[in-house]
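Heads up, our numbering is the position in the sequence shown plus 710, with the first residue counted as 1. From the three backbone atoms N, C-alpha and C, an ideal C-beta is built for every residue, glycine too.
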Amino acid sequence: MSGQRSSFKTRPRVLVLHLKPFRYIPDYRLEKSAIYHLGTQAGTGASKGEPMMRPQDLFGQKVRLNLLKAFAALLLLAVLFLIQQKMDFVEPEVNSAPNFKKAPTHPLLNRDFCTSKPQSAADAVEERLILDSIAWPETPLLPDPFLLEQTSDPAHSTFTILPGEGEWHVGDQLKVLIKVNDFQGHAKKFGGDVLVARLFNKALSAGVVGKVEDHLNGSYSAVFPLLWEGSAQVEVTLVHPSEAVTVLHRLTREQPDRIVFNTLFRSGSLSEKTTCNVCLRQSGQPLCDFTDPCTGEPWFCHKPQTLSCDARVIQEGARFHQKLKDKEETLFQRSVNMKVHIKASGPNDVTVLAPKKGQATAIGGTGKSEPSGYYYQGVWRALGGSRVQQFNTSSAISQCLKGKMVHLYGDSTIRQWFEFLDASLPDAQHCDLKGSKQAGPLMKSDHKKRIMITYRCHGPPLRFSNIQISQMRYIANELDGLIGGSDTVVVIGIWAHFSTFPVEVYIRRLQSIRRAVVHLLKRAPGTLVIIRTANLKDLTLYESLTNSDWFTIQRDKVLRAVFKGLDVKVVDAWEMVLAHHLSHSLHPHPPIIKNMINVLLSYVCPQI
């Protein structure tokens, strides 16, 4: 993977406000002056018409002055505190212990439904820029009555390979025109369809993704780099028709709480269950506020009827409420209009010749469409100058990880990496941290080779079942507890559990994690931080409404935007799944995971 694509450099705005603790110190000079004045009056007498100050009056004046000073000091402290809250963030103390906040038991009845306010003015500006950059082409409202026949149909749509210069060579680009029609064969007049494309050669186990451009009139272009000699076949897939995007967009706007999280509260022999969420509708009953005190990440639960908020012990699981309008389910039919290939109107492949004399075989730095890499002979090759090493044996993997601590944080797609490394290190021992297999914490270590690998899930929202509340920790807080250094590798993968919420919720979470990464790299510059991107998956109706690739496309763009410019590395899971011949899956197939681990270890050990 190229340094340009995978090594980010930014200048995060960090403002550290140092507040000295206030301590009230009585003004003894005032007391001495008052006593001296009283003694003078007593010794010499007062002038006529000038009453002598009584001791009790003088004492009252002294108290009032001291109280006034104390009030002014407290007011100044309050102003400084408010200023501090407006800043981007305050440099935190490094503390590995979890920080739990006592939840208020009083009703929170005036909170806006599903709002995620930025932490600072700078965060708000960045959020607006990100939202603008990922804005999807506008799709019209569905007519009433809704007619499937007037929606995008992959069977009536086509793609055409544009002629180019008559022949194609390695290093050239292949351009394809895609025209989308409805079920009646009529050309669509607007864009917004979700399309993906790849170029492949099955015999060579070669594949690369194409860049799709929406012309907003029912036609699209796809551009592919030509990277190998021989046959190159085009594959264009309709993931969702634009009308399905209209439905998904409405669900996010109107039903961000369509997944609810069941939580168990228990105290002694008493137990109660309530629902929790980032977005919790007002029902008139009191709420428990579990907003994290360090990151500010919001989380709310309906208060149990008898138990206190502090009795929360286990998240038992998640439930999905499906609320579609009449016939909208027909927009999410497998083999009909969801994840269906579009046929070519002519040839669907080209023959690629050797590069022309003097023509570069790699496209990195040419300004053309630049994927992060491609497959050849089943092996992922990075573009742009970096080289992916092959770690095909347990000894090669353990040699690379010798003396390293690898900390994996995120969802189940990151846990997959832990499981792969676990199976690849037979000499390492499991450490029982009393965590669940699904959520962690998990640890494996090889004391002889000084290898330690850990996994921990991210904080809520999380759809895992039967998780101890004490084990649900925010990634930012965990990073603040790391010492870091050249022996430390941090891997972050967080995206799959945020699909049903407004994208602002995800942006805020990533901004919080980024702040922690900035702090970590500042105090331990040798720390290696690696980000795993999102990936495509197999889609059913349920998966589409909760984890559609359309949701994932947006969050993948957000992830890259938030960490762009920072000194971190990227494993491009999106392209590695899309370019491969195996089917899409939330948890990619083992050959794809193996290639991802090769990229990961190549960052850890670039010289092997």
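- If you draw a 10 Å sphere on the C-beta of Gln1015, you find fewer than 16 other C-beta atoms in it, and that means exposed.
- Contact annotation: Ile969 and Ala1028 have beta-carbon atoms nearer than 8 Å.
- The closest CA to that of Tyr1084, considering only Val1227, Val918 and Ala913, is found on Val918.
- Counting C-beta pairs closer than 8 Å gives fewer than three between the stretch 1005-1020 and the stretch 833-852, which falls short of the contact rule.
- Of the candidates Leu974, Ile871 and Val1213, Val1213 places its Cα closest to the Cα of Arg838.
- In the structure shown, Met1286 falls within a helical segment according to DSSP collapsed to helix, strand and coil.
- A Cβ-Cβ separation of about 7 Å places Glu953 in contact with Ser862 under the 8 Å criterion.
- Less than 8 Å divides the Cβ of Ser1254 from the Cβ of Phe1042.
- Sequence-distant Cβ neighbours of Leu974 in its own chain, meaning closer than 7 Å and more than five residues away, are Ser981, Lys983, Val1023, Ile1024 and Glu1026.
- Distances from the CA of Asp967 to each of Phe1211, Leu1231 and Phe1261 were compared; the closest alpha carbon is that of Phe1211.
- Under the DSSP assignment, Cys1011 falls in the beta strand (DSSP E) whose first and last residues are Phe1010 to His1012.
- Setting aside the 5 residues that flank it on each side, Lys1147 has no residue in the same chain whose C-beta is closer than 8 Å to its C-beta.
- The count of Cβ pairs closer than 8 Å, one atom from the stretch 1113-1122 and one from the stretch 1185-1203, reaches three, so the stretches are in contact.
- No Cβ-Cβ contact shorter than 8 Å links Lys1112 with Lys1154.
- Residue pairing for Gln1087: DSSP places it in no beta bridge.
- In the DSSP secondary-structure assignment, Cys998 is bridged to Cys1011.
- For His1051, the enclosing beta strand (DSSP E) begins and ends at Val1050 to Ala1054.
- Only exposed fits Ile1193, as fewer than 16 other CB atoms lie within 10 angstroms of its CB.
- For Ser1082, the three-state secondary structure derived from DSSP is coil.
- Inside the stretch 947-980, DSSP marks whole alpha helix (DSSP H) runs of 4 or more residues at positions 952-964, from first to last along the chain.
- With 16 or more other Cβ atoms from the protein chains shown falling within 10 Å of its own Cβ, Lys898 counts as buried.
- Listed as beta-bridge partners of Phe869 by DSSP are Ile888 and Ala1054.
- Residue pairing by DSSP puts Asn911 in a beta bridge opposite Ala916.
- By the CB criterion at 8 Å, Gln1126 and His1297 fall inside the cutoff.
- In this chain, the beta strand (DSSP E) harbouring Met1162 covers Ile1161 to Cys1167.
- In the structure shown, the three-state DSSP call for Gln1181 is helix.
- Within the DSSP secondary-structure output, Leu1292 pairs in no beta bridge.
- By the criterion of at least three beta-carbon pairs nearer than 8 Å, the stretch 1281-1288 is in contact with the stretch 1243-1253.
- A Cβ-Cβ separation of about 7 Å places Val886 in contact with Thr870 under the 8 Å criterion.
- Judged by DSSP secondary structure, Thr1198 falls within the beta strand (DSSP E) whose first and last residues are Thr1198 to Gly1203.
- Excluding residues up to 5 positions away in sequence, Asp892, Phe893 and Gln894 lie with their Cβ nearer than 8 Å to the Cβ of Glu859 in the same chain.
- Looking at the DSSP output, Met1306 sits in no beta bridge, so it has no partner there.
- Of the other Cβ atoms in all chains shown, fewer than 16 fall within 10 Å of the Cβ of Ala1064; this residue is therefore exposed.
- Annotation note: the stretch 1096-1157 contains the following uninterrupted alpha helix (DSSP H) runs of length 4 or greater, listed N- to C-terminal: 1104-1111 and 1122-1134.
- Under the DSSP definition of a beta bridge, Leu1238 partners with Val1199.
- The Cβ atoms of Asp1248 and Val904 lie no closer than 8 Å to each other.
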